[in-house]
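**Q**
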Amino acid sequence: MPSLPAMIIARLTLQETVRRRLVWAVFLLTILIVALTGFGFSRLNTFTCAGAPCPAAEIRLAAAFFSILVAYMFDSVIAVGSSFVAALAIAADIESGVMLALLPRPIRRSDVVLGKWLGLVALIASYAIFAYSLQFAAVWLAVRYLPPQPIAAALYVTAQGVVLMTLALLLSTRLTAITVGIVAVVLFGVAWIAGIAQALGVAFENTVLTNVGTIISLLLPTDALWRNAIFNLEPIAAIAAAGGARFLAANPFFVAMPPPTAYVYWAIGWTVAVLGLGVYSFQRRDL
Amino acid sequence: MASDGTAAHESAPNAVFSKGPAPIADAQPPAIEARDLTKHYGKVAALAGLTMKVPRGEVFGFLGPNGAGKTTAVKLFVGLARPASGQAWVLGAPVGDRRVRQKIGYLPELFRYQSWLSAEEVLSLHCELAGVPRQRRRGEMDRVLTSVGLADRAKDRVGTFSKGMQQRLGLGVALLGEPEVVFLDEPTSALDPIGRHEVREIIRDLRARDTTVFLNSHLLGEVELVCDRAAVVDHGRVIAIGTIPELLGASNSVRVRVTGLDPRGAAALQRFGSLTHQGDWLAIIGIADESVPDLVAEIVRLGGRVHAVEHQTLEDRFLQLVQRE
């Protein structure tokens, strides 16, 4: 159970995102995006197949694939946003001098790191649930399609954001805010590509690709979480339609099987370890 | 009597954040004590054996040229940085101790508060973090807002404050919870003369309440006005420490603004003390107080015209000490 100062810092972290209008800007943009994509989904009903309106099943299948694409867009927003907000959380407060006034107070440095982490987890989870709820509600209204497990998908996307945010928080105890943000986003991209390489390696039985992909996925376990999110968004019909085509392994928006559960446990352990490292690093830092 | 602050202490073990109690024989340990503190930033030695003691209830000035290690020392005392070696205590506990940090106030030199909070919210946050009981917070906040002259700006966002107002707020934050030791790092650097006067009054109030004030300042005139004692640091160690009269009395001197005195006449004044020239100003170091009228009479007799006579200030003494180093 975090101590009271950690909760004060968590509250302060959330308050900052509201006061700086970050929350309002992102939430309003999200509403705008959902309105636009919702309109796009509604146009699926006008598609024709061989001169006649397409069957409802085909429209739902198309909606399923487009839903994953839009979900990926929000996933990227969450990943990049988490990286930059976490980068600012500690590094910017050190650079500006806010920490100089805060840390001589009778609080532990671990309270500061844990408080920032908790505040950002709450922010990421709120946004992921808000964006996905709104998006899938729009898709339902447009074409009467709902992914199989939208809540589970939102939770996996939240977890991915938390993993990346935790890494950025660790880096922000030592590096400047701008450097942390860029490094975290680049690593996110590398992990995504590594996930594709790993899937290809497995599909085509290429040991080198599989090993490189696996090692990178273990070093930054974001892609396995995203693949779990995709699996929870895919209707069974879509998986069946793919028919086990091996080339689909290169498609980052499709998974025939979710990654092993061990990856999820690994991601949890990884997050705890990196958070602990962040606390240790900040405790050792001279200001 | 001014003394070398490092001479009287034995060497300390290579300890960082000692867990043991301060080995002080007195019933009540001093407010601040440092023994052989060292700190390096890369190859630069910020502190090179800082040794000093500040008794409780004292307003203590901490002087030194840029890069002398003043801010580094303050950061070590408030737990923002760790020494490479040596030991330090605040209120008898090793520096960094959380219970002691509840009893200290700190105004950093280069700081900023959350620009998106109001002055009142900043104070409320620090009340919470400092553990000020909920029922006392409103009263504490009102007291310090009035004390630093921000009562009418309490609801305004910090982002709209001038640098001077931010410094006032910083001072207010440092005063929250009636701390036993207050560290002020250049508290008046952004203030106008009225603000400086008010800060001096605040420091005097603190002294009246037996609060120890550790004042790190470049403004030597202010130190002279409010401090009971002061230390001069250079190259990371104390080169002189004592009461203000002790620091000044170690080498009494006067400065005289003279025109019309030829070099041979000036040389004749050496019997009053050693001479240094700076434009029209002539400094006579080591002169006895009772000889000053004789000095003026001699200058006039030699054909010089005396425009001003000033006794040595802390600034003169500071320059002597630092230049000697």
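Chains A and B, in that order, give the protein sequences. Letter by letter, the first sequence follows residues 1 to 287 of the working numbering. Letter by letter, the second sequence follows residues 1001 to 1325 of the working numbering. Cβ coordinates follow ideal geometry from the N, Cα and C atoms, glycine included. These numbers come from a predicted model, not from an experiment.
Using a Cβ cut-off of 8 Å (strictly closer), state whether residue 1202(B) contacts chain A.
**A** It does not: the Cβ of residue 1202(B) has no partner Cβ on chain A nearer than 8 Å.
**Q** Roughly how many angstroms separate the alpha carbons of residue 1215(B) and residue 1107(B), rounded to a whole number?
**A** Each residue's Cα considered, the two are about 10 Å apart.
**Q** Just the C-alpha distance for residue 1031(B) and residue 1056(B), rounded to the nearest angstrom, thanks.
**A** Going from the Cα of residue 1031(B) to the Cα of residue 1056(B) covers about 5 Å.
**Q** In the DSSP assignment, find the unbroken alpha helix (DSSP H) run with residue 1307(B) in it and report its ends.
**A** It is not in any alpha helix (DSSP H) - residue 1307(B) instead sits in the beta strand (DSSP E) that spans 1305-1311.
**Q** Could you give the distance in angstroms between the alpha-carbon of residue 1282(B) and the alpha-carbon of residue 281(A)?
**A** Going by the C-alpha atoms only, they are around 56 Å apart.
**Q** Using a Cβ-Cβ cutoff of less than 8 Å, which residues in the same chain neighbour residue 1151(B) once the five nearest sequence positions on both sides are dropped?
**A** Cβ within range, chain order: 1142, 1145.
**Q** Go ahead and pull the three-state DSSP assignment for residue 1070(B).
**A** If DSSP states are grouped into helix, strand and coil, residue 1070(B) belongs with the helices.
**Q** For residue 1052(B), which residues from the same chain have a beta carbon less than 8 Å from its beta carbon, with the 5 sequence-adjacent residues on both sides left out?
**A** Cβ within range, chain order: 1005, 1032, 1033, 1034, 1231, 1238, 1241.
**Q** If you measure from the beta carbon of residue 8(A) to each beta carbon in chain B, is any gap under 8 Å?
**A** Residue 8(A) counts as touching chain B.
**Q** Please classify residue 265(A): is it buried, with 16 or more other beta-carbons within 10 angstroms of its beta-carbon, or exposed?
**A** Residue 265(A) comes out exposed.
**Q** Going by beta-carbon coordinates alone, are residue 170(A) and residue 6(A) separated by less than 8 Å?
**A** Result no, Cβ atoms of residue 170(A) and residue 6(A) do not sit closer than 8 Å.
**Q** Would you identify the three-state DSSP class for residue 1087(B), choosing helix, strand or coil?
**A** Three-state result, residue 1087(B): strand.
**Q** Is DSSP giving residue 1275(B) helix, strand or coil here?
**A** Strand at residue 1275(B).
**Q** I'd like the ranges of any beta strand (DSSP E) spanning at least 3 consecutive residues and lying wholly in the region 3-68 of chain A.
**A** Runs of the beta strand (DSSP E) inside the region 3-68 of chain A: none found.
**Q** Can you check whether the C-beta of residue 174(A) is within less than 8 Å of a C-beta belonging to chain B?
**A** Taking Cβ atoms only, chain B never reaches closer than 8 Å to residue 174(A), which makes this a no.
**Q** Please list, in chain order, the chain A residues whose beta carbon lies closer than 9 Å to that of residue 1281(B).
**A** Neighbours of residue 1281(B) on chain A: none; closest Cβ ~40 Å, over 9 Å.
**Q** Closer than 8 Å, Cβ to Cβ, to anything on chain B: give me those residues from the region 101-112 of chain A, in chain order.
**A** Cβ contacts with chain B come from 101, 102, 103, 104, 105, 106, 107, 108.
**Q** Which of the three DSSP states is assigned to residue 1218(B) in this structure?
**A** Three-state DSSP puts residue 1218(B) in coil, outside helix and strand.
**Q** Should residue 1166(B) be labelled buried (16 or more other beta-carbon atoms within 10 Å of its own) or exposed?
**A** By the neighbour-count rule (16 or more Cβ atoms within 10 Å), residue 1166(B) is buried.
**Q** Could you work out which residues of chain B lie near residue 26(A), taking near to mean beta carbons separated by less than 9 Å?
**A** Correct list: empty, because the minimum Cβ distance to chain B is about 16 Å.
**Q** For a cutoff of 8 Å on Cβ pairs, would you count residue 5(A) as touching chain B?
**A** Yes, its Cβ sits closer than 8 Å to a Cβ of chain B.
**Q** Assuming residue 1120(B) is part of the alpha helix (DSSP H), what are its boundary residues?
**A** Unbroken alpha helix (DSSP H) run through residue 1120(B): 1119-1130.
**Q** Between which residues of its own chain and residue 1340(B) is the CB-CB distance below 8 Å, once the five residues before and five after are set aside?
**A** This structure gives no information on residue 1340(B), because the portion of chain B shown stretches from 1001 to 1325.
**Q** Measuring only the C-alpha atoms, how far is residue 1134(B) from residue 1178(B)?
**A** Going from the Cα of residue 1134(B) to the Cα of residue 1178(B) covers about 15 Å.
**Q** Verify the CB distance criterion: does residue 97(A) have a CB-CB separation below 8 Å to chain B?
**A** So, interface residue.
**Q** Which chain A residues sit within Cβ distance under 7 Å of residue 1311(B)?
**A** The contacting residues do not exist; residue 1311(B) stays about 38 Å from chain A at best.
**Q** Going by the beta-carbon positions, is the gap between residue 217(A) and residue 194(A) smaller than 8 Å?
**A** A contact, by the Cβ cut-off of 8 Å.
**Q** Does DSSP put residue 1103(B) in a helix, in a strand, or in coil?
**A** Coil at residue 1103(B), not helix or strand.
**Q** By the criterion of Cβ-Cβ separation under 9 Å, what are the contact partners of residue 287(A) in chain B?
**A** Near residue 287(A) (Cβ distances below 9 Å), the residues of chain B are 1075, 1080, 1081.
**Q** Just checking, does the region 126-140 of chain A make contact with the region 29-48 of chain A on the three C-beta pairs under 8 Å criterion?
**A** With the cut-off at 8 Å, the region 126-140 of chain A and the region 29-48 of chain A touch.
**Q** What's the C-alpha gap between residue 54(A) and residue 188(A)?
**A** Those two C-alpha atoms are separated by around 38 Å.
**Q** With which residues is residue 1045(B) paired in a DSSP beta bridge?
**A** Residue 1045(B) is bridged to 1040(B).
**Q** Answer with buried or exposed for residue 9(A), where buried requires no fewer than 16 other C-beta atoms within 10 angstroms of its C-beta.
**A** The residue is buried, with at least 16 neighbouring Cβ atoms inside 10 Å.
**Q** List in chain order: all unbroken alpha helix (DSSP H) runs of 4+ residues lying wholly within the region 163-203 of chain A.
**A** Entirely contained in the region 163-203 of chain A, the alpha helix (DSSP H) runs reaching 4 residues are, in chain order, 177-203.
**Q** Using the beta-carbon count (16 or more within 10 Å), is residue 260(A) buried or exposed?
**A** By the neighbour-count rule (16 or more Cβ atoms within 10 Å), residue 260(A) is not buried but exposed.
**Q** Can you check which of these residues, 1311(B), 1316(B), 1116(B), is closest to residue 1161(B) by C-alpha distance?
**A** Looking at the Cα atoms, 1116(B) is the closest of the given residues.
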